[in-house]
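Colleague: Protein chains in written order, with the working numbering: chain A, 14 to 174; chain B, 26 to 446. We treat Cβ as the ideally placed atom computed from N, Cα and C, and that holds for glycine. In this text, all values refer to a predicted model and were calculated from it rather than measured experimentally.
In structure tokens form, the structure reads like this:
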């Protein structure tokens, strides 16, 4: 499985309140949530984002609330993968559970800028910055989590067990 | 190798003699929690399961607390969805308007969680119950759905940071100041993926409400859970609130910790977290002149009776400053009733504050006190992220109920000592 797209870049501690503000949590419809994704720190994100694009951030991405609406909104906005130096733990679980690919890779979080074209090979964990001609190796998931990802989420994994 | 307190609880619930940090386990759950924001997503996810029945209708708690009494039609539809689900599945612990409180104030009060148990909740502040010596942690809606069906959850066994608590608090210093101080020290990702284990002779000087507040905000340091040992105070609390059998766990003497800190309560001052992260803390004497528009006293962090009492003590016989709006939110119906019976409501209303029914409301910018651009609040809640309480250009300063109440009177961020208290 591969992903390729343009990078939207953010800094440290991107919290779930800015990924999807609570004023929109009266809906749980992915398409509706996607309309307001990132709006409190990047108003234009929803206009710029194209299917397959990649989000890159620094440390503690997705900190704050447990709202699964956050990875749902990112996934529904068209983002194919989030790369970060580190992820907050509930966001990490939620992303895996709903089948949003995420990769922890401090070097990539440093070496990729907004607007770069990045390709990801999920099988090898390799991240290629096509704009800068650099490459990074993301951290591999433990086999148990790979199994959840292969099943496209926790529920299929449990159903198929 | 010895185990931490958290590791021992997880090992027992996974049916293992021992576990170690990093190990992936599947643990039995004693309680699965959801609210009106996260449960509808979980119910939708449950539809995808081959097996659709809940694992145990007595071990699920559904609390309608975030956007209730419903603020709009969409949030009313969410509550209706959960109400129907609860009726169909005969969920014993469904708490609707009239019975509900803010979930993390309500569940311990109702005795639904006790020491030694394992709990997941689709709300990040589920870590609150570590105050009782339970393992409890926040998860998302899909984990909640899986928990409701299977009664189990997967965990990566966490390593831990040990906080050795010593000394005694000074006047006007509370559990809120302790946890804000710690988050200021280690940062919002200082305990990422880890347990925060509180130990030491100073713990006896922390009330149960202090401990609930401290465990509640473990997530604001990125922690998986925060946990306290079980002492006489914990046992007294559990016996007063629950008929469940509890189990006391203690960390092994040779348990390994990633880091250790000593927190001397006697050195702490009332502490304020500046926008827009809980780690941006300053002791009250370094805050400077910060004028405010709104004060919020309540939430799962500070909506318990001792919080309401201390706010009333400070506001008694005084008037809210001109231009300041003060919203007091007792955490549960029981706290609300106690506040009425103790005459605290009269104090607030005479001072010019309003008292709301229990709700998460303004904490997450939901309703009951959403702010406009450029406005500033002192709040006893737990997060001060960009846009958390309303407009993206509004600001939240996190503080204790004592500091919030004093600020309500002076119109700027203040210590109660400024009022001669």
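CB-CB under 6 Å to residue 151 of chain A, same chain, minus the five flanking residues each way: which ones, in chain order?
Modeller: Within the first chain, numbered from 1, the residue matching residue 151 of chain A stands at position 138. 116, 118, 138, 140, listed in sequence order.
Colleague: Verify the CB distance criterion: does residue 161 of chain B have a CB-CB separation below 8 Å to chain A?
Modeller: For this step, residue 161 of chain B is matched to residue 136 along the second chain. So no, residue 161 of chain B is outside the interface.
Colleague: Using a C-beta cutoff of 8 Å, does residue 151 of chain A count as contacting chain B?
Modeller: Here residue 151 of chain A refers to the residue found at position 138 of the first chain. No, its Cβ sits nowhere closer than 8 Å to a Cβ of chain B.
Colleague: Using the Cβ count rule (16 or more neighbours within 10 Å means buried), how would you classify residue 26 of chain B?
Modeller: Your numbering for residue 26 of chain B matches position 1 in the second chain. It is exposed - the Cβ of residue 26 of chain B has fewer than 16 other Cβ atoms within 10 Å.
Colleague: Which residues, in chain order, does the segment 48 to 77 of chain A contribute to contact with chain D at a C-beta distance below 7 Å?
Modeller: As a matter of chain content, chain D is missing from the structure shown, whose protein chains are A and B.
Colleague: Anything in the segment 386 to 399 of chain B with a Cβ closer than 7 Å to a Cβ of chain A? List those residues in chain order, please.
Modeller: Listed in sequence order: 389, 390, 391.
Colleague: Check whether chain B comes within 8 Å of residue 28 of chain A, counting only Cβ atoms and requiring the distance to be less than that.
Modeller: Looking up residue 28 of chain A in the first chain gives position 15. Residue 28 of chain A counts as touching chain B.
Colleague: Can you tell me which of the three DSSP states residue 410 of chain B falls into?
Modeller: Position 385 of the second chain, counted from the first residue, corresponds to residue 410 of chain B. Here residue 410 of chain B sits in coil by DSSP.
Colleague: Identify whether residue 423 of chain B lies in helix, strand or coil by the three-state DSSP scheme.
Modeller: In the second chain, counting from the first residue as 1, residue 423 of chain B sits at position 398. The answer is strand: DSSP assigns residue 423 of chain B an E or B state.
Colleague: Pull up the DSSP beta-bridge partners for residue 179 of chain B, would you.
Modeller: Here residue 179 of chain B is taken as the residue at index 154 of the second chain, counted from 1. In DSSP, residue 179 of chain B forms a bridge with B:51.
Colleague: For the alpha helix (DSSP H) that contains residue 308 of chain B, what are its first and last residues?
Modeller: Reading the second chain from its first residue, position 283 is the one you call residue 308 of chain B. Careful: residue 308 of chain B lies outside any alpha helix (DSSP H), inside the beta strand (DSSP E) at 306 to 308.
Colleague: Below 8 Å, can you find three or more Cβ-Cβ pairs linking the segment 305 to 319 of chain B to the segment 21 to 28 of chain A?
Modeller: In short, these stretches do not touch, since the Cβ pair count stays below three.
Colleague: Note down, one range per segment and in chain order, each beta strand (DSSP E) of at least 3 residues found wholly within the segment 280 to 315 of chain B.
Modeller: Listed in chain order, the complete beta strand (DSSP E) runs (minimum 3 residues) inside the segment 280 to 315 of chain B are 284 to 289, 296 to 298, 306 to 308.
Colleague: Below 8 Å between beta carbons: does that hold for residue 407 of chain B and residue 250 of chain B?
Modeller: Counting from one through the second chain, the residue named residue 407 of chain B turns up at place 382. Counting from one through the second chain, the residue named residue 250 of chain B turns up at place 225. For residue 407 of chain B and residue 250 of chain B, no; Cβs fall outside 8 Å.
Colleague: Judging by CA-CA distance, which residue of B:295, B:182, B:133 is the nearest neighbour of residue 30 of chain B?
Modeller: Along the second chain, one-based indexing puts residue 30 of chain B at 5. Closest option to residue 30 of chain B, Cα to Cα, is B:182.
Colleague: Under DSSP, the alpha helix (DSSP H) around residue 332 of chain B begins and ends at which residues?
Modeller: Indexing the second chain from 1 puts residue 332 of chain B at position 307. 330 to 340 is the extent of the alpha helix (DSSP H) around residue 332 of chain B.
Colleague: What residue does the alpha helix (DSSP H) around residue 111 of chain B start on, and which one ends it?
Modeller: Translated into positions along the second chain, residue 111 of chain B becomes position 86. Per DSSP, residue 111 of chain B belongs to the alpha helix (DSSP H) from 98 to 113.
Colleague: Of all the residues that make up the segment 94 to 107 of chain A, which are near chain B by a beta-carbon distance shorter than 7 Å?
Modeller: From the segment 94 to 107 of chain A, only 99, 101, 102, 103, 106, 107 have a Cβ closer than 7 Å to chain B.
Colleague: To the nearest whole angstrom, what separates the beta carbons of residue 411 of chain B and residue 69 of chain A, a pair I think is in contact under 8 Å?
Modeller: Counting from 1 along the second chain, the entry for residue 411 of chain B is found at position 386. Counting from 1 along the first chain, the entry for residue 69 of chain A is found at position 56. Not really, about 19 Å apart at Cβ, beyond 8 Å.
Colleague: Give every residue of the same chain whose Cβ lies closer than 7 Å to the Cβ of residue 106 of chain B, excluding the five residues on either side of it in the sequence, and list them in chain order.
Modeller: By one-based count along the second chain, residue 106 of chain B stands at place 81. Hits under 7 Å: 65, 68.
Colleague: Using the rule of at least 16 other Cβ atoms within 10 Å of the residue's Cβ for burial, across every protein chain shown, is residue 75 of chain B buried or exposed?
Modeller: The residue labelled residue 75 of chain B in the question sits at position 50 within the second chain. Exposed, since its Cβ has fewer than 16 Cβ neighbours within 10 Å.
Colleague: Return the bridge partner residues of residue 401 of chain B from the DSSP annotation.
Modeller: By one-based count along the second chain, residue 401 of chain B stands at place 376. Looking at the DSSP assignment, residue 401 of chain B forms a beta bridge with B:420.
Colleague: Taking all protein chains shown into account, decide if residue 161 of chain B is buried (16 or more other Cβ within 10 angstroms of its Cβ) or exposed.
Modeller: Here residue 161 of chain B refers to the residue found at position 136 of the second chain. Per the 10 Å Cβ criterion, buried.
Colleague: May I ask you to report which of helix, strand or coil DSSP gives residue 218 of chain B?
Modeller: Within the second chain, residue 218 of chain B is the residue found at index 193, counting from 1. Looking at residue 218 of chain B - three-state DSSP - the assignment turns out to be coil, as it is neither helix nor strand.
Colleague: Using a Cβ-Cβ cut-off of less than 7 Å, give me the residues of the segment 210 to 244 of chain B that come near chain A, in sequence order.
Modeller: Correct list: 213, 214, 217, 218.
Colleague: How would you call residue 173 of chain A, buried or exposed, if buried means at least 16 neighbouring beta carbons within 10 angstroms?
Modeller: Numbered from its first residue, the first chain carries residue 173 of chain A at position 160. Residue 173 of chain A comes out exposed.
Colleague: Out of A:59, A:33, A:96, A:143, which one is the CA nearest neighbour of residue 123 of chain A?
Modeller: Position 110 of the first chain, counted from the start, is the residue given in the question as residue 123 of chain A. Residue A:96 is the option with its Cα nearest to residue 123 of chain A.
Colleague: Is it true that the CB of residue 295 of chain B sits closer than 8 Å to the CB of residue 168 of chain B?
Modeller: Residue mapping note: residue 168 of chain B aligns to position 143 of the second chain, counting from 1. Residue mapping note: residue 295 of chain B aligns to position 270 of the second chain, counting from 1. No, the Cβ-Cβ distance between residue 168 of chain B and residue 295 of chain B is not below 8 Å.
Colleague: Excluding five sequence neighbours on each side, which residues of the same chain lie with their C-beta closer than 8 Å to the C-beta of residue 58 of chain A?
Modeller: What you label residue 58 of chain A is simply residue 45 of the first chain in a count that begins at 1. So the qualifying residues of the chain are 21, 50, 51, 52, 90.
Colleague: State the DSSP-derived secondary structure class of residue 23 of chain A, mapped to helix, strand or coil.
Modeller: As a first step, residue 23 of chain A is located in the first chain; it is residue number 10 there, counting from the start. In the structure shown, residue 23 of chain A sits in coil (DSSP, three-state: anything other than H, G, I, E or B).
Colleague: Determine, using beta carbons only, whether residue 46 of chain A comes closer than 8 Å to chain B.
Modeller: Counting from one through the first chain, the residue named residue 46 of chain A turns up at place 33. With 8 Å as the cut-off, residue 46 of chain A does not count as an interface residue toward chain B.
Colleague: Using 8 Å as the threshold, is the C-beta distance between residue 376 of chain B and residue 370 of chain B below it?
Modeller: In the second chain, residue 376 of chain B corresponds to position 351, counting from 1. In the second chain, residue 370 of chain B corresponds to position 345, counting from 1. Not in contact: residue 376 of chain B and residue 370 of chain B (Cβ atoms no closer than 8 Å).
Colleague: Pop quiz: residue 346 of chain B and residue 435 of chain B are said to be a contact at Cβ under 8 Å. What is the actual Cβ separation, rounded to whole angstroms?
Modeller: Mapped onto the second chain, residue 346 of chain B falls at position 321. Mapped onto the second chain, residue 435 of chain B falls at position 410. Yes, they are in contact, since the Cβ atoms of residue 346 of chain B and residue 435 of chain B sit about 6 Å apart, within 8 Å.
Colleague: Considering Cα atoms alone, identify which of A:67, A:82, A:55, A:56 is closest to residue 41 of chain A.
Modeller: Your numbering for residue 41 of chain A matches position 28 in the first chain. For the residues A:67, A:82, A:55, A:56, the minimum Cα distance to residue 41 of chain A belongs to A:82.
Colleague: Report yes or no: is there a C-beta of chain B within less than 8 Å of the C-beta of residue 164 of chain A?
Modeller: Here residue 164 of chain A is taken as the residue at index 151 of the first chain, counted from 1. Output row for residue 164 of chain A: interface = no.
Colleague: CA-CA distance, residue 349 of chain B and residue 118 of chain B?
Modeller: Within the second chain, the letter at position 324 stands for residue 349 of chain B. Within the second chain, the letter at position 93 stands for residue 118 of chain B. Answer to the nearest angstrom: the Cα atoms are 38 Å apart.
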